[in-house]
Structure formats: C-alpha cells, structure tokens
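Written out below as structure tokens is the structure these notes cover.
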Amino acid sequence: WTLFKQIAGDIVIAYKLKPSSFGLALIYRTFWHRPIILDIDDWELSWHGGDSYQYRPSLKQLTRDLIKPSGALRQLDHPLYLKWIEALTPLADQITTHSGFLQRRFGGINLPNGKNTTQFDPDRYDPETSRCKYGLQDYRVLMFPGAPRPYKGVEDMLMALDQLQQADLKLVIVGGSPYDNYDRQLHQRWGQHIIQLPKTAYMEMPELIAAAHVLVVPQRNTPAAQAQFPLKLTDGMAMAKPVLATRVGDIPEILGETGYLAEPESPGDLAAQINHIFQDYDQALGRGRRARERCIERYSLGTMGQTLTRLVENLVA
350 WTLFKQIAGD IVIAYKLKPS SFGLALIYRT FWHRPIILDI DDWELSWHGG DSYQYRPSLK
410 QLTRDLIKPS GALRQLDHPL YLKWIEALTP LADQITTHSG FLQRRFGGIN LPNGKNTTQF
470 DPDRYDPETS RCKYGLQDYR VLMFPGAPRP YKGVEDMLMA LDQLQQADLK LVIVGGSPYD
530 NYDRQLHQRW GQHIIQLPKT AYMEMPELIA AAHVLVVPQR NTPAAQAQFP LKLTDGMAMA
590 KPVLATRVGD IPEILGETGY LAEPESPGDL AAQINHIFQD YDQALGRGRR ARERCIERYS
650 LGTMGQTLTR LVENLVA
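Set out below in structure tokens:
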C-alpha cells in the first residue's frame, strides 16, 4: 500500500514480472487509466523450477501458508503468484525484455540494459596502473566481476585452470556471494587459482576492469542463464577487453565475432580458448577494440535510449 500510494506519472513502468510491481501497476491502471510498460529482465519462475513448478500442499499446509503471519502464501512474490501473473503479461500496454529468450516467451521489444560507454572508456585508464593498484601486477588476470553462483560456471573456469597448471593465471572474482557459503567452497577446492577482491562501487568498476587481461563469462546452459543478459559481458566489451564466454542464450549474438566462445560446462574448451587468447594477445586486444565498437553501436545508453524514446512516443501518441 505504501508503494502503491507513491505511483505517479503519465506512464507507469513496472520493473520485473512480479505481483509486487506489475500487479500493483495493473491495480493502479484500474483506477487512474495510465498505460503500463512492463520491463522484464529475468525469468522469475526459473529460480523455482520454471514451467515444472507445482504448488501441491496438503490441506493442513495450505491453511498454514494462508493464515500464519509468516505463511508462504502471504508473501506477495511467492512462486505460485509468479506463475499466475505470467498469464497477465498481455494486459501490459508495452513489454520490454532484456534477452531473446524473454522476448520469445513474453513478446514485446528486446531492450537490454544500456552501458554507459563514456564512463566505461578504456582510454581513461592504464591497465598496468590498475593492476598495481589492486595488487595484480604479477598475474595474467581472468576477471569475473560478479557474485559467483553455480549456474555462472565459475567452477568450470577453475577446472580449466587446473588443466592449464600455469601459476600466473588467476581468476579474479570481484565481490562475492551474498546468499550462502559458496565462495568458501570455491576457495577450499581451488584457492590456489583465486584472488577475491571486495565488492566495488559501480563508479569504480571501469578502473577495476581495466586491470583484467581477459573478462570471463562462463555461463552454464540453465534456464536462468538462458533468460539473462549478462551485464558483465558489456562491462568487458565497453572496456575493449578480450571476452571469453560460453555459447549460452544470447551471448553469441551479443559478442558476434568480437569475443571468444567455448561450449558450456566444458573446462577443456575453456582451457583451449585461454591458451588461444594468450598465444596472440595483440590479436585478442584487437578483438576487444572491435567489441567496444559493437557495444557502442548496439548496447550503449544512447542506442537503448533511442529505442525507449520511440516506444514511449508511440504509447502517448
């Protein structure tokens, strides 16, 4: 109710396909007749089994879930409600999605998050200076700027480093998992390959990414990964870094011919690509420069802004 009272404007943008956002927007439109743009950046149900999710409680459990103050069904974004609200997506006046997977599932216009290519500008940073600042000057840096989760394929990258056995190759993880002890599990098994840096403020990320020799996005082929537009991908592209990623979801299309691709869940393929990159690193840097050009052309804030402007103009015309 507190959030509902703060909704205002000629157009309502509901961020995420959840009852707590899109559901509120639909109720607001019933009273105020404002058009809704539904922005879908993730397949929320993928975290709960996707289309196979079933809620089949006993009568006793159903009563408990409905009546107890902490009952599961008293949570507005319970998976059951996420499943129900997917059926209401056609009620949005416009839909924007962040990946081809989401567009095929929900329709609308594919509009990924744009990258600020002025802020993420490699000409503003010296890689060697950045490496010295973060204590990375003695290593070849494979950077993973994000919270490790099993579906993100960090284990596959670490197994690739096991195969390579090159001591100066390090997987530099920026931040960590806020959910559980997954980081500790990674360190217990592969600590010799890992350097973990603390979570970094967004404004400082370009300088940190400048320290990378290669930016890695080794996603596994899961529904959650297929649905996402990995923002770390355009972090690397905008900073003209060689990007090593896997053939999952939209990643091959996003990179085009400007990156290096391996099969998902294939440490051997990742290891081969790492060797290939460093055998001719000047060529890899050339690909990185082309990746930045591609990012400016297709995934910059300016490009995304033009698409959004046309969408809004059509909506209010």
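Numbering (this note's numbering), first residue to last: 350 to 666.
Ideal Cβ placement from N, Cα and C applies to all residues, glycine included.
For residue j and residue i, the rounded distance between their alpha carbons
i	j	result
Pro-405	Arg-639	The displayed chain sequence assigns Arg, not Pro, to residue 405. Near 51 Å, if we compare the C-alpha coordinates of Arg-639 and Arg-405.
Ser-615	Arg-538	18 Å
Leu-580	Gln-545	19 Å
Asn-663	Asp-442	11 Å
Asp-400	Ala-516	44 Å
Asp-505	Leu-451	26 Å
Pro-547	Arg-659	40 Å
Thr-379	Arg-596	43 Å
Gly-651	Ile-416	49 Å
Glu-477	Gln-486	7 Å
Gln-355	Gln-424	21 Å
Leu-366	Asp-629	44 Å
Gly-654	Leu-507	38 Å
Leu-557	Tyr-483	8 Å
Ile-458	Thr-446	6 Å
Cβ pair residue i, residue j closer than 8 Å
i	j	result
Ala-349	Met-588	Summary: the structure shown does not reach residue 349, with the chain confined to residues 350 through 666, and so no result is reported for it.
Gly-605	Gln-575	no
Ala-550	Met-492	no
Gln-568	Ile-600	yes
Leu-373	Pro-428	no
Pro-613	Gly-524	no
Ile-362	Arg-383	no
Ile-434	Pro-368	yes
Asp-584	Pro-527	no
Whole-Å CB distance - residue i paired with residue j, under 8 Å assumed
i	j	result
Leu-518	Arg-480	Actually they do not touch by this definition, with Cβ atoms about 14 Å apart.
Met-586	Arg-641	6 Å
Leu-582	Ala-594	6 Å
Ile-626	Pro-591	6 Å
Asn-462	Phe-578	7 Å
Per DSSP, the bridge partner or partners of residue i
i	result
Val-489	Note on identity: in this sequence residue 489 is Arg, with Val being the wrong assignment. Its beta-bridge partners are Leu-518.
Asp-388	Tyr-364, Thr-445
Ala-611	Thr-595
Lys-464	Ser-649
Ile-416	None, per the DSSP bridge assignment.
Asn-459	Thr-446
From the options, residue whose alpha carbon lies closest to that of residue i
i	options	result
His-542	Gly-420, Lys-365, Gln-514, His-625	Gln-514
Leu-535	Val-563, Arg-636, Ala-496	Ala-496
Leu-619	Thr-446, Leu-564, Arg-641, Leu-657	Leu-564
Gly-456	Tyr-364, Ala-594, Leu-375, Ile-389	Ile-389
Tyr-364	Thr-478, Tyr-531, Ile-444, Thr-571	Ile-444
Pro-439	His-382, Leu-375, Gly-484, Asn-465	Leu-375
Ile-386	Trp-396, Phe-371, Leu-557	Phe-371
Thr-466	Ser-526, Leu-657, Ser-649	Ser-649
Val-661	Thr-607, Leu-460, Val-521	Leu-460
Cβ-heavy atom distance, residue i to the ligand NAD, below 7 Å
i	result
Leu-387	As far as ligands go, the structure on display features none, and thus does not contain the ligand NAD.
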